[in-house]
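Peer 1:
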Amino acid sequence: MALENAAAQNEILSNNINNHQSQLLNEKLKRLIDLANLHDGDREQRDDVITSLPEGASSDTQSYGQQAPSNNSSLPNALLDRPWSNDALPEQTPPSLTTDESPLYVGGSASSSGAPESFDRQTPLPLAPKADASPEPGSPRPTTGGSNPSPTSDHDNRVDTTTPAKPPEPQPSTTTNGSNPPGRTPKPDPDRATISVSGAPGDLTVDETDLTTDATANFGAYFSATYGVNGKGIGGMSFKIGVVQPGTDSGLVDEGSGQHLLLFQNPDGSISGRTASGLEGFHITTDQVGNIELDQLRSIVHPDPTNTDESITLNNPNLITITGTAVSAGGDSASATIGIGQAFHFKDDAPSLQLTANGNPPVLGVDETFIGQTGGSSTQTFASVFSGNHQFGADGSGTFQSVYGLHLSKDGVFSGLIDSETGERILLHVNTQNGNITGILENTGREALQISTTQTGDITFTTERSVIHPDTTNTNEEIHLSPGLLALRRTDTITDKDGDSATSSAQIDLGSSLTIHDDAPSITQPATTGTIPDFVVTEQGGINGAASHNFSSNFTTGNSNAVDQNASLTTAFSFSLNHNGVDSGLQDHNGNHIFLFQSGNNVVGLVGNSNSPNPNGSNALQITLDPTTGQATFSSS
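FYI, the numbering for the sequence shown is 34 to 670, going by the working numbering.
(1) Using DSSP with H/G/I as helix, E/B as strand and the rest coil, what is Gly-253?
(2) Taking the alpha carbon of Phe-494 as the reference point, which residue from Asp-616, Gly-405, Ser-366 and Asp-282 has its own alpha carbon closest?
(3) Just verifying my parser: in three-state terms, what is the DSSP assignment at Thr-402?
(4) Is it buried or exposed for Ser-645, if we count other Cβ within 10 angstroms and need 16 for buried?
(5) First and last residue of the beta strand (DSSP E) that includes Thr-227?
(6) Does the beta-carbon of Leu-610 have 16 or more other beta-carbons within 10 angstroms, so that it is buried, or is it exposed?
(7) Which whole-angstrom value is the C-beta distance of Gln-424 and Pro-395, which I expect to be below 8 Å?
(8) Can you tell me the Cα-Cα spacing of Ser-485 and Glu-454, whole angstroms?
(9) By Cβ distance, which residues of its chain are closer than 6 Å to Thr-370, with the 5 residues on each side in sequence left out?
(10) Going by C-alpha distance, which of Leu-388, Ser-283 and Ile-325 is nearest Asn-351?
(11) State the start and end residues of the unbroken beta strand (DSSP E) segment that holds Lys-530.
(12) Out of curiosity, what's the CA-to-CA distance linking Gly-253 and Val-418?
(13) Taking the alpha-carbon positions, what's the Gly-398 to Asn-469 distance?
(14) Do Gln-488 and the ligand ZN come close, with the Cβ less than 6 Å from some heavy atom?
(15) Cβ atoms of Leu-474 and Asp-444: under 7 Å apart, would you say?
(16) From the DSSP output, in three-state form, read off Ala-376 for me.
(17) Opposite Phe-315 in the DSSP bridges: which residues?
(18) Is His-440 closer than 7 Å to Thr-238 when the C-beta atoms are compared?
(19) Taking the beta strand (DSSP E) that Tyr-260 falls in, what are its first and last residues?
(20) By DSSP's criteria, Asp-282 is part of a beta bridge. Which residues make up the other side?
(21) Return helix, strand or coil for Ser-609, following the three-state DSSP convention.
(22) Secondary structure at Asp-525, three-state DSSP: helix, strand or coil?
(23) Give the straight-line distance between the Cα atoms of Ser-430 and Asp-529, rounded to the nearest whole angstrom.
(24) Pick from Thr-557, Thr-471, Phe-584 and Gly-374: whose alpha carbon is nearest that of Asp-567?
(25) In chain order, which beta strand (DSSP E) runs of at least 3 residues are fully inside the segment 427-468?
(26) Report, in whole angstroms, the separation of the C-beta atoms of Glu-401 and Thr-496, which I expect to be a contact under 8 Å.
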């Protein structure tokens with residue numbers, strides 16, 4: 034009986050101890066799970082978890098990297114041979130225990146003080162199985178006496194001893210502080226350096242217009258790094274550039290040689306775009322903080338001739354890369370690479386051109402006197418009126434051309450000139466076949482003048498009919514076309530080697546330059562011919578005797594020449610007296626000299642005072658002349 038009572042008490046004590054042990058193990062398991070999810074950098078919080086394990090659960094130093102012993106010498110052997118029970122017993126302090134929980138990847142070791150000593154993510158923490166681990170999960174536990182406990186106790190519901198845990202999957206290379214709640218994805222290794230890239234690379238643009246100006250941009254800003262608990266190493270993060278493969282075609286073509294630019298990495302780490310013959314078209318460098326510089330050395334072919342500011346880049350972004358490397362103080366490193374080939378842009382260089390006209394054109398005059406003759410046409414060069422400069426630019430020489438042309442404000446515009454014969458207005462028209470300007474009579478359509486130009490800037494002006502000059506007192510009067518009607522325009526076009534072109538135009542007004550001089554009529558000098566007859570007056574007829582003679586036959590008529598139409602020729606006769614009061618050489622019957630005086634077409638002989646002329650003297654003789662017919666009459670009184 035005494036033995037039965039002792040056995041019963043022993044079973045009660047064993048069940049009570051097992052129940053307390055189960056509670057301690059559950060408490061320890063919960064804290065170990067919390068510890069597994071803590072960030073390694075949160076040492077203080079982790080230490081709190083370890084040191085807060087129930088008393089006795091960490092009284093002996095245990096290695097988390099080794100399996101704990103399966104027995105405990107602090108309990109009687111009889112108790113260790115018994116199964117656990119949930120029957121209540123007075124609370125007692127249990128000895129240090131381990132569980133058979135699946136491995137937790139927390140790494141490191143802890144001492145009896147609870148302070149962590151080392152951490153290794155890759156070392157699992159297996160927990161020791163219970164002392165009686167032979168029964169299969171879910172099967173009834175054997176007993177030595179008393180009632181058999183439930184085959185699915187609370188402890189069995191909380192601890193699964195059948196399936197080992199898998200190692201955590203690798204996490205993205207970003208690091209955050211703090212712990213993950215149980216059941217969530219473990220955080221990345223905070224002991225190691227990480228690096229990540231965010232955003233798209235910017236642009237580096239150079240312009241062939243000025244090959245001395247390089248482009249620089251910072252690409253390091255797209256990289257971010259963490260260094261774990263070890264902190265940043267010396268230098269922290271560094272950068273280098275690379276090419277996908279030496280000799281890869283960049284897709285760019287050198288303008289001067291026509292060869293493709295191939296990518297090569299130089300011994301100093303820089304990158305060159307070179308032709309197969311060694312001509313370097315561009316050069317790329319970087320520094321330790323990710324600044325990249327693009328230096329264009331030679332012009333590059335831009336295929337679109339209509340876009341003088343065209344921008345081109347490499348064939349593929351991955352032809353050139355930049356790699357950022359982060360190094361922690363513990364010596365571990367992480368790298369990230371991005372393709373930046375299409376971050377490099379090369380803008381086209383357009384040729385430049387400037388053309389001006391000085392506004393002081395020469396005079397190109399024709400004279401109506403020579404209409405129909407060689408002198409009826411005149412030529413003058415106007416090229417010197419224009420001035421300009423041009424530059425082919427970095428792409429090199431192509432072609433340059435100047436074109437001259439005559440331009441009317443409006444076809445059929447009134448020139449301001451009037452035909453002298455018909456009185457018709459002269460209208461200006463463009464000859465569509467040759468670009469010449471023709472002056473046409475408004476009603477009859479007859480051609481009056483013509484203006485043409487050559488591609489060297491020479492203008493030829495030809496008149497075919499006379500025009501009205503309003504000033505009758507000026508036989509050489511100049512008349513011009515109305516201003517603002519006709520212009521000489523020069524257009525310059527420049528094209529560089531890769532087909533880009535530029536055009537510039539300038540023009541001058543020809544209204545004041547084209548001049549028509551008036552034609553004056555001309556006549557040859559009349560000549561005398563035949564014999565001048567004598568005027569004979571005899572006194573037999575008395576003092577009033579008279580004689581007459583027609584002198585027209587004694588002159589030849591001059592030849593006339595006049596291009597202005599409706600010209601007329603008239604002949605007139607007149608006396609020409611040396612001077613009034615000239616002594617005639619005659620005397621009256623008193624011996625007084627007779628002096629001659631002219632009044633219009635009459636000449637009179639007046640008796641003087643002895644040898645002196647007297648305008649009031651008596652009339653001794655008279656000569657009259659018909660200016661139209663040349664009939665002269667001599668009479669004495």
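Here a beta-carbon is modelled for each residue, glycine too, at the ideal position from N, C-alpha and C. The structure presented is a predicted model; accordingly, all values stated were derived computationally and were not measured.
Peer 2: So, to answer that:
(1) Position 220 of the sequence shown holds residue 253. Correct three-state label for Gly-253: helix.
(2) For this step, residue 494 is matched to residue 461 along the sequence shown. Nearest option by C-alpha distance: Gly-405.
(3) Along the sequence shown, read from residue 1 onward, the residue named residue 402 stands at position 369. DSSP places Thr-402 in helix when its eight states are reduced to three.
(4) Counting from 1 along the sequence shown, the entry for residue 645 is found at position 612. With fewer than 16 Cβ atoms within 10 Å of its Cβ, Ser-645 is classed as exposed.
(5) Here residue 227 is taken as the residue at index 194 of the sequence shown, counted from 1. Element bounds for Thr-227: 227-230.
(6) Taking the first residue of the sequence shown as 1, we reach residue 610 at position 577. Per the 10 Å Cβ criterion, exposed.
(7) For the purposes of this step, residue 424 is taken as residue 391 along the sequence shown, with counting starting at 1. For the purposes of this step, residue 395 is taken as residue 362 along the sequence shown, with counting starting at 1. So it is not a contact: roughly 29 Å between Cβ atoms.
(8) Stepping through the sequence shown from its first residue, residue 485 is reached at position 452. Stepping through the sequence shown from its first residue, residue 454 is reached at position 421. Their backbone Cα atoms lie some 25 Å apart in a straight line.
(9) Reading the sequence shown from its first residue, position 337 is the one you call residue 370. Cβ within range, chain order: Thr-354 and Thr-356.
(10) Position 318 of the sequence shown, counted from the first residue, corresponds to residue 351. Residue Ser-283 is the option with its Cα nearest to Asn-351.
(11) Numbered from its first residue, the sequence shown carries residue 530 at position 497. Premise fails: Lys-530 is in no beta strand (DSSP E) and is neither H nor E.
(12) For this step, residue 253 is matched to residue 220 along the sequence shown. For this step, residue 418 is matched to residue 385 along the sequence shown. The alpha-carbon atoms of Gly-253 and Val-418 are separated by roughly 58 Å.
(13) Locating residue 398 in the sequence shown gives position 365, where the first residue counts as 1. Locating residue 469 in the sequence shown gives position 436, where the first residue counts as 1. Between Gly-398 and Asn-469, the C-alpha separation is close to 18 Å.
(14) By its list of ligands, the structure shown contains no ligand whatsoever, and the ligand ZN lies outside what it can speak to.
(15) Counting from 1 along the sequence shown, the entry for residue 444 is found at position 411. Counting from 1 along the sequence shown, the entry for residue 474 is found at position 441. Contact flag unset, no.
(16) Reading the sequence shown from its first residue, position 343 is the one you call residue 376. Helix at Ala-376.
(17) The sequence position of residue 315 within the sequence shown is 282, counting from 1. In the DSSP output, where bridge partners are listed per residue, Phe-315 has Gly-306 and Gln-329.
(18) As a first step, residue 238 must be located in the sequence shown, where it is residue number 205. As a first step, residue 440 must be located in the sequence shown, where it is residue number 407. Cβ distance not < 7 Å, so Thr-238 and His-440 don't count as in contact.
(19) Translated into the one-based positions of the sequence shown, residue 260 becomes position 227. From DSSP, Tyr-260 is part of no beta strand (DSSP E); its letter is neither H nor E.
(20) Here residue 282 corresponds to residue number 249 of the sequence shown, with the count starting at 1. In the DSSP output, where bridge partners are listed per residue, Asp-282 has Leu-295.
(21) Locating residue 609 in the sequence shown gives position 576, counting from the first residue. The answer is coil: DSSP assigns Ser-609 none of H, G, I, E or B.
(22) In the sequence shown, residue 525 corresponds to position 492, counting from 1. It is a strand residue.
(23) Here residue 430 corresponds to residue number 397 of the sequence shown, with the count starting at 1. Here residue 529 corresponds to residue number 496 of the sequence shown, with the count starting at 1. Approximately 5 Å, taken between the alpha carbons.
(24) Working through the sequence shown from its first residue, we reach residue 567 at position 534. Closest option to Asp-567, Cα to Cα, is Phe-584.
(25) 432-441, 446-451 and 458-463
(26) Here the question's residue 401 lines up with position 368 in the sequence shown. Here the question's residue 496 lines up with position 463 in the sequence shown. Contact holds; Cβ gap of about 7 Å.
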